[in-house]
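**Student:** Here's a structure for you.
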Amino acid sequence: MTLFYLFGAVAVIASLLVIAQRNPIYSVLLLIASFGALSGLYVLLDAPFVAVTQIIVYAGAIMVLFLFVVMLLNAPHEETEHDEKVHPLRRPGPMRFGAALAVALVVELIWALTRGTSEAGAFGETAVSSVRALGRSLFTDYAFAFEVTSVLILVAMVGAVVLAKRDPRAHS
Amino acid sequence: MPTLNDYLVLSAILFAIGTAGVFVRRNLITILLSIEIMLNAVNLSFVAFGRSLGTADGQIIVFFVMTVAAAEAAVGLAIVIGLFRHRESLNPDTFTSLKW
Numbered sequence: 001m002t003l004f005y006l007f008g009a010v011a012v013i014a015s016l017l018v019i020a021q022r023n024p025i026y027s028v029l030l031l032i033a034s035f036g037a038l039s040g041l042y043v044l045l046d047a048p049f050v051a052v053t054q055i056i057v058y059a060g061a062i063m064v065l066f067l068f069v070v071m072l073l074n075a076p077h078e079e080t081e082h083d084e085k086v087h088p089l090r091r092p093g094p095m096r097f098g099a100a101l102a103v104a105l106v107v108e109l110i111w112a113l114t115r116g117t118s119e120a121g122a123f124g125e126t127a128v129s130s131v132r133a134l135g136r137s138l139f140t141d142y143a144f145a146f147e148v149t150s151v152l153i154l155v156a157m158v159g160a161v162v163l164a165k166r167d168p169r170a171h172s
Numbered sequence: 001m002p003t004l005n006d007y008l009v010l011s012a013i014l015f016a017i018g019t020a021g022v023f024v025r026r027n028l029i030t031i032l033l034s035i036e037i038m039l040n041a042v043n044l045s046f047v048a049f050g051r052s053l054g055t056a057d058g059q060i061i062v063f064f065v066m067t068v069a070a071a072e073a074a075v076g077l078a079i080v081i082g083l084f085r086h087r088e089s090l091n092p093d094t095f096t097s098l099k100w
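Chains B and Z, in that order, are what the protein sequence lines are.
Each residue of the first sequence is one higher than the one before, counting from 1 in the numbering used here.
Each residue of the second sequence is one higher than the one before, counting from 1 in the numbering used here.
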């Protein structure tokens, strides 16, 4: 229970700081901390393989991709029509709509979750945590989705290369 | 022991933080990071539901979501690089026309 609150607090605070940071590099690094806390939560949920994959794939690969692009573009500060000194979260106008929407969303979700019966909340005894069972399920029941995933990755790779390629006619 | 509701509330809070980030921030990279926060909140609820039902399906779906997130990050960042080359800006308010 204590570990749940510890990991949950780290995840929530790190995610809030991701939103509040001006510099995207700090946002990316804080998001890695948030993913680490989430991986701890996966361990608490008896899903160690998901926890390891979270660290390796998310924190190791995807976030490094983000960090690489942030450093490549070299545009650390947010440019708006507002004064640079005004913090991004305090700017007036339609941006307050986002904060109001988020508060409404979380209140609604927590209300929907807490008004149900409380007996449905406790976890059962059975937990599928072995990599063997996961792999068996992945390659039998979900074999078609697994193969389609490879096509998705191929399309994403080709698309990224085509999109990021410099147009030879633009700069001659 | 924390119950399923605790995990779902935490997932809801994280999802709301991601939503707020998409609407509040005016930086394309931070918006993509907020989308990653939302995807992870959904992943957490998938794993919690799978643990509650005692099946492996929740964890399997998390792997597919991670794959989609990787593809989305690759294509999204390629688009961001292309946009930055054209306008020298990461502010989404700058990109108002489809063709230039």
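No residue lacks a Cβ here, since even glycine has one placed at the ideal position from N, Cα and C.
For the alpha helix (DSSP H) holding B/Tyr-58, just list the boundary residues, first then last.
**Tutor:** Along the first sequence, read from residue 1 onward, the residue named residue 58 of chain B stands at position 58. Neither: B/Tyr-58 is in no alpha helix (DSSP H) and is coded neither H nor E.
**Student:** Excluding sequence positions up to five away, which residues of its chain have a Cβ less than 7 angstroms from the Cβ of B/Gln-21?
**Tutor:** Taking the first residue of the first sequence as position 1, residue 21 of chain B is located at position 21. Closer than 7 angstroms at the Cβ level, and outside the excluded window around B/Gln-21, lie Ser-27, Leu-30.
**Student:** Which residues, taken in chain order from the segment 1-13 of chain Z, show a beta carbon closer than 9 angstroms to some beta carbon of chain B?
**Tutor:** So the close ones are Met-1, Pro-2, Thr-3, Leu-4, Asn-5, Asp-6, Tyr-7, Leu-8, Val-9, Leu-10, Ser-11, Ala-12, Ile-13.
**Student:** Counting only beta-carbon separations shorter than 8 angstroms, does B/Met-71 have a partner in chain Z?
**Tutor:** Working through the first sequence from its first residue, we reach residue 71 of chain B at position 71. No, B/Met-71 lies away from the interface with chain Z (no Cβ there is under 8 angstroms from its Cβ).
**Student:** Taking just the CA atoms, how far does B/Ile-19 sit from Z/Ala-48?
**Tutor:** Taking the first residue of the second sequence as position 1, residue 48 of chain Z is located at position 48. Taking the first residue of the first sequence as position 1, residue 19 of chain B is located at position 19. Taking the straight line joining both Cα atoms gives about 25 angstroms.
**Student:** Using the beta-carbon of each residue, which ones in chain B are nearer than 7 angstroms to Z/Ile-79?
**Tutor:** Along the second sequence, one-based indexing puts residue 79 of chain Z at 79. Those are Leu-163, listed as they occur along chain B.
**Student:** Using a Cβ distance threshold of 8 angstroms, determine whether the segment 53-65 of chain B contacts the segment 6-17 of chain B, with at least three qualifying pairs required.
**Tutor:** No, because fewer than three Cβ pairs between the segment 53-65 of chain B and the segment 6-17 of chain B fall closer than 8 angstroms, the two stretches do not touch.
**Student:** In chain B, which residues lie less than 9 angstroms from Z/Thr-55 when you measure between Cβ atoms?
**Tutor:** Stepping through the second sequence from its first residue, residue 55 of chain Z is reached at position 55. Those are Thr-126, Val-128, Ser-137, listed as they occur along chain B.
**Student:** I want to verify the contact list: residues of chain Z whose CB lies under 7 angstroms from the CB of B/Ile-55, in sequence order.
**Tutor:** As a working mapping, residue 55 of chain B is identified with position 55 in the first sequence. Ordered by position in chain Z, no residue passes the 7 angstroms Cβ test against B/Ile-55, which lies about 12 angstroms from the chain.
**Student:** Going by other Cβ atoms of all chains shown within 10 Å of its Cβ, with 16 needed for buried, is Z/Ser-97 buried or exposed?
**Tutor:** Working through the second sequence from its first residue, we reach residue 97 of chain Z at position 97. Z/Ser-97 should be labelled exposed.
**Student:** Applying a beta-carbon distance threshold of less than 8 angstroms, which residues of chain B neighbour Z/Ser-34?
**Tutor:** Here residue 34 of chain Z refers to the residue found at position 34 of the second sequence. Correct list: Val-18, Ile-19.
**Student:** Determine whether the Cβ of Z/Thr-30 lies closer than 8 angstroms to any Cβ atom of chain B.
**Tutor:** Walking along the second sequence from the start, residue 30 of chain Z turns up at place 30. Interface residue, yes.
**Student:** Whose C-alpha, out of B/Val-106, B/Val-50, B/Ala-145, is nearest the C-alpha of Z/Val-9?
**Tutor:** Along the second sequence, read from residue 1 onward, the residue named residue 9 of chain Z stands at position 9. The option with the nearest alpha carbon to Z/Val-9 is B/Val-106.
**Student:** Using the three-state DSSP reduction, which class does B/Val-128 fall into: helix, strand or coil?
**Tutor:** Here residue 128 of chain B refers to the residue found at position 128 of the first sequence. Three-state result, B/Val-128: coil.
**Student:** Assuming contact is defined by CB atoms lying nearer than 8 angstroms, are Z/Arg-51 and B/Leu-109 in contact in what I supplied?
**Tutor:** Numbered from 1 along the second sequence, position 51 holds the residue referred to as residue 51 of chain Z. Numbered from 1 along the first sequence, position 109 holds the residue referred to as residue 109 of chain B. Not in contact: Z/Arg-51 and B/Leu-109 (Cβ atoms no closer than 8 angstroms).
**Student:** Output the distance between the C-alpha atoms of Z/Met-45 and Z/Ala-70, rounded to the nearest integer angstrom.
**Tutor:** Residue numbering aside, residue 45 of chain Z sits at position 45 when the second sequence is read from its first letter. Residue numbering aside, residue 70 of chain Z sits at position 70 when the second sequence is read from its first letter. Reading the sequence as shown, one finds Ser at residue 45 of chain Z and not Met. Approximately 19 angstroms, taken between the alpha carbons.
**Student:** Within its chain, find whatever has a CB closer than 6 angstroms to the CB of Z/Met-66; leave out the 5 residues flanking it on each side and keep chain order.
**Tutor:** Here the question's residue 66 of chain Z lines up with position 66 in the second sequence. Excluding sequence neighbours, Z/Met-66 sits near nothing in its chain.
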